[in-house]
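Peer 1: Start counting the sequence shown at 1318; every next residue gets the next number (our numbering).
We put the CB at the ideal spot given by N, CA and C, even for glycine.
Could you have a look at this structure, given as structure tokens, before my questions?
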Amino acid sequence: MTKAEAWLEQSWELALDKTLALAARLGDAFPHVAEGGRYDNREEAWWTAGFYPGLLWLANRARPDSVAAGIAQRCEGRLEKILYNSEAVDHDLGFIWLLSGVAAHRLNGDSESRRRGLLAANLLAARFNVNGRFIRAWNFPSKDMDTRGVAIIDSMMNLPLLYWASEESGDPRFAALAVQHADTVAREFVRSDGSIAHVIEFDPEIGKKVAEHGGQGFAPGSAWARGTAWALYGFTLSYGYTRDSRYLKV
1318 MTKAEAWLEQ SWELALDKTL ALAARLGDAF PHVAEGGRYD NREEAWWTAG FYPGLLWLAN
1378 RARPDSVAAG IAQRCEGRLE KILYNSEAVD HDLGFIWLLS GVAAHRLNGD SESRRRGLLA
1438 ANLLAARFNV NGRFIRAWNF PSKDMDTRGV AIIDSMMNLP LLYWASEESG DPRFAALAVQ
1498 HADTVAREFV RSDGSIAHVI EFDPEIGKKV AEHGGQGFAP GSAWARGTAW ALYGFTLSYG
1558 YTRDSRYLKV
């Protein structure tokens, strides 16, 4: 083992120790940020709610005798209730369920996790606007935009839930919607200089692009670093599922 490999192995083991120690303290919570040295506990519908159980499944894969699997399963049980409230979920169903239920099914063949994952995929597919061929991002009203017609670049990271659902169920509809959304994002979000728009507003009735909003960028037209990462990773994931070289070119 080289010095670099030994460093990586040591770092990985340290990360596992830290994750499992945190799990013992937090239990089936949904930590998002730490304030005053303590993690918060967000609601089940919060967009990062799948990140913590995802970390636990990674830890469990490395150390199957750990308590991580049980805690991750309890988190998934808490997450299930949002699947029965269509107004509580948004386009981040992929972020939440790929890392929780879908991960559990892939690792353990859990049939209940498969059921929940496919239900989440159906809810995500139901957000597809056929007029503009995009997945609606948010539910909340806004004085600055008509959120019925809003899509955001983060959505590219949620598409694998639809690709997985097609593979798992044998139903091509899910992947077809993911491809149509990815094509809309490639056309409307990616600028000629390679920078990325965060928020695009479409007319929800006819599907025409209305405006570009700054979102978490400084202003309309600015480049948002995390959004660029979502695009790089998201289009690569779409290529991985479709093998369509268009997404690599993007």
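1. Within a Cβ cutoff of 8 Å, which residues of the same chain sit near residue 1369, ignoring the five residues on either side of it in sequence?
2. Exposed or buried, residue 1480, counting other C-beta atoms within 10 Å across all chains shown (16 or more means buried)?
3. Could you tell me whether the Cβ atoms of residue 1437 and residue 1373 are closer together than 8 Å?
4. Between which two residues does the beta strand (DSSP E) containing residue 1468 stretch?
5. For residue 1444, tell me which candidate among 1519, 1464, 1407 and 1556 has the shortest Cα-Cα distance.
6. Between residue 1516 and residue 1467, which are expected to be in contact by the criterion C-beta below 8 Å, what is the C-beta distance as a whole number of angstroms?
7. What does DSSP give as the partner residue(s) for residue 1526 in the beta ladder?
8. Within a Cβ cutoff of 6 Å, which residues of the same chain sit near residue 1498, ignoring the five residues on either side of it in sequence?
9. Starting from the Cα of residue 1429, find the closest Cα among 1460, 1442, 1414 and 1533 and give me that residue.
10. Between the C-alpha atoms of residue 1593 and residue 1546, what's the straight-line distance to the nearest angstrom?
11. In the DSSP assignment, find the alpha helix (DSSP H) that holds residue 1330 and state where it starts and stops.
12. Of all the options 1496, 1489 and 1488, which has the alpha carbon lying nearest to the alpha carbon of residue 1474?
13. What is the residue span of the alpha helix (DSSP H) that residue 1430 lies within?
Peer 2: Quick answer:
1. Counting only Cβ-Cβ distances below 8 Å, and skipping sequence neighbours, we find 1343, 1346, 1347, 1348 and 1392.
2. Residue 1480 comes out buried.
3. No.
4. Where residue 1468 is concerned, the enclosing beta strand (DSSP E) stretches over 1467 to 1469.
5. Nearest Cα to residue 1444 within the set 1519, 1464, 1407 and 1556: 1407.
6. Yes, residue 1516 and residue 1467 are in contact; Cβ-Cβ is about 6 Å, under 8 Å.
7. Under the DSSP definition of a beta bridge, residue 1526 partners with 1519.
8. Within the same chain, residue 1498 has close Cβ partners 1451 and 1452.
9. If you compare the alpha carbons of 1460, 1442, 1414 and 1533 with that of residue 1429, the shortest gap goes to 1414.
10. Given that the chain is displayed from residue 1318 to residue 1567, the structure contains no residue 1593 and the question cannot be resolved.
11. It spans 1320 to 1343 - the alpha helix (DSSP H) in which residue 1330 sits, taken as one unbroken run.
12. The shortest Cα separation from residue 1474 among 1496, 1489 and 1488 belongs to 1496.
13. 1428 to 1442 is the extent of the alpha helix (DSSP H) around residue 1430.
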